[in-house]
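Report on the following structure.
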Amino acid sequence: MSAEPENIEQTPSPIVAALQREHPEWIGEVIYAFGETTIIIPREHIVAACSFLKTWPEGRFDFLADICGADRGVEEEPRFEVNYHLFSTTKYHRVRLKVLLNEEDTHVESVTGVWRTANWHERETFDMFGVIFDGHPDLRRILLPDDWQGYALRKDFPLRGYEPYSLK
Amino acid sequence: MGLENVIAEALPEVLTTRLDSLINWARKSSLWPATFGLACCAIEMMNATTSRNDLARFGAEVFRASPRQADVMIVSGRVSRKMAPVLRRIYDQMPEPKWVISMGACATSGGVFDNYAIVQGVDKIVPVDVYIPGCPPRPEMLIHAVMMLQDKVSKESVRDRRDIPEEEAREAVVPGTLPVTDGSTARQNTLPESRPYTIASRHERRRSS
């Protein structure tokens with residue numbers, strides 16, 4: 012494995028600097044780690060930030076690689092995070108947007124209007140973590156059975172489920 | 111004097127046997143499996159029918175894609191909870207007599223997947239006749255299981271496994287067809303709530319009694 016430069020974790024991304032100039036209110040916190048850039052965005056700005064980043068000439072993040080949820084732990088506050096992994100097929104750079112959610116209010120605006128591929132990713136996040144995407148056209152479970160109880164990837168979900176399976 | 115002499119004179123044109131033996135011989139010599147490949151065990155199941163292992167030697171090589179034409183369901187692989195109702199439905203669609211082989215550790219007990227998504231053993235859904243251990247079992251083990259099932263079939267009696275109890279058969283409606291019109295549609299509404307084409311197999315009846 013080749014040696015990484017020492018300062019790669021602190022390298023400020025030019026995208027972030029430009030975005031800071033344009034819309035400073037969108038940027039809650041910026042994390043550099045392992046050569047990756049993560050921007051924590053307030054919940055109410057996520058759709059505006061996504062649609063801006065998609066068409067922004069310096070960004071051109073035309074590809075939504077993934078949306079995934081994460082449960083930081085039952086006692087954490089905020090407990091849930093939703094990660095948006097963006098990629099630009101013309102500029103070849105990546106950025107990760109992160110929205111933090113409290114357990115009591117797991118609502119976030121859907122970005123299906125920006126990238127249509129967000130549809131199934133948001134359904135999966137809803138299925139596994141119970142994050143409600145407001146404005147989603149068809150927010151149903153996608154992996155687990157329709158009559159499933161609970162959200163399987165939450166930390167407090169028991170590994171073996173709530174009850175053994177039977178066809179009653 | 112008597113019938114024995116007549117039969118002895120007629121040999122070898124006429125043989126006597128028990129009806130059970132004849133029917134079981136016919137049943138066990140052409141077990142048609144329904145394909146229910148769910149995971150990596152299915153690769154071994156396919157391999158069992160290839161020229162190297164040649165399940166056709168035992169009359170069980172005709173894998174049918176339709177459950178209506180199958181005798182044996184080989185559940186090969188892990189059964190997820192989402193798949194479980196589908197599996198039960200396909201089992202219900204198979205005509206009697208029918209048998210089930212649970213192939214591999216996952217179908218038998220859940221295997222290493224001791225979690226919320228996997229049914230811990232297919233015998234929670236359908237009655238199983240032969241279990242095969244292994245992860246995955248070799249094709250030889252599947253062939254052995256088929257031969258064990260043949261032994262089991264040859265010990266059955268046709269009276270054990272009637273297609274439908276008579277009182278139920280009079281009420282049975284083949285799904286997708288119109289009921290025979292005897293002039294009363296009200297009678298149709300009094301059919302039992304349970305799926306009329308589903309026949310509790312001998313195993314289930316034994317278990318419930």
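Taken in order, these protein sequences are the chains called B and V. Reading the first sequence from the start, the letters are residues 12 to 179 in this note's numbering. Reading the second sequence from the start, the letters are residues 111 to 319 in this note's numbering. Virtual Cβ for every residue (Gly too), placed ideally from N, Cα, C. Computed from a prediction, not measured in an experiment: that's the story for all the values here.
In terms of alpha-carbon separation, which member of V:R128, V:P195, V:L132 lies closest to D158 of chain B? V:P195
*Applying a beta-carbon distance threshold of less than 8 Å, which residues of chain V neighbour R32 of chain B?*
By Cβ distance, chain V contributes nothing, its closest Cβ being about 47 Å from R32 of chain B, past 8 Å.
By a C-beta neighbour count over all protein chains shown, 10 Å radius and 16 as the cutoff for buried, is F45 of chain B buried or exposed?
exposed
message: When you compare the CB of G80 of chain B with every CB in chain V, is at least one pair closer than 8 Å?
response: no
- Which residues in chain V sit within 8 Å of L170 of chain B, going by Cβ to Cβ distance? D224, N225, Y226
Practice problem: Compare the Cα-Cα distances from P177 of chain V to each of V:T145, V:C150, V:N157, V:T159 and report the closest residue. | Solution: V:T145
message: By the DSSP assignment, the beta strand (DSSP E) with A144 of chain V in it spans what residues?
response: 143-147
Exercise. Based on the DSSP secondary-structure assignment, which residues constitute the bridge partners of A81 of chain B?
Worked result: B:E92
For this session: Determine the burial state of E55 of chain B: buried for a count of at least 16 other Cβ atoms within 10 Å of its Cβ, exposed for fewer.
Result: exposed
query = Got a sec, what are the start and stop residues for the beta strand (DSSP E) R32 of chain B sits in?
reply = That residue, R32 of chain B, is in no beta strand (DSSP E); its alpha helix (DSSP H) goes 25-33.
Within this structure, are the beta carbons of V185 of chain V and L197 of chain V separated by less than 8 Å?
-> yes
Item checked: Ranges of the beta strand (DSSP E) found wholly within the segment 127-189 of chain V, counting only runs of at least 3 -> 143-147, 182-186
**Asked** Which residue's Cα is closest to the Cα of R165 of chain B: B:E92, B:I51, B:F72?
**Response** B:E92
Looking at the structure shown, is T101 of chain B part of a helix, part of a strand, or coil, going by DSSP?
coil
Could you give the DSSP three-state label for V119 of chain B: helix, strand or coil? strand
Cβ pair Y103 of chain B, C61 of chain B closer than 8 Å:
no
- prompt: Looking at P249 of chain V and A166 of chain V, is the spacing between their C-beta atoms short of 8 Å?
  reply: no
Taking DSSP's pairing of strands, which residues face W209 of chain V in a bridge?
V:V182
Q. Rounded to a whole number of angstroms, what is the C-alpha to C-alpha distance between T49 of chain B and V229 of chain V?
A. 39 Å
Q) In whole angstroms, what separates the C-alpha of V106 of chain B from that of L155 of chain B? A) 30 Å
>> Within 10 Å of its beta-carbon, does G84 of chain B have 16 or more other beta-carbons around it, so buried, or fewer, so exposed?
In response: exposed
Under 9 Å between beta-carbons, which chain V residues line up against A28 of chain B? List them in chain order, please. In chain order: nothing, as chain V lies at least about 44 Å away.
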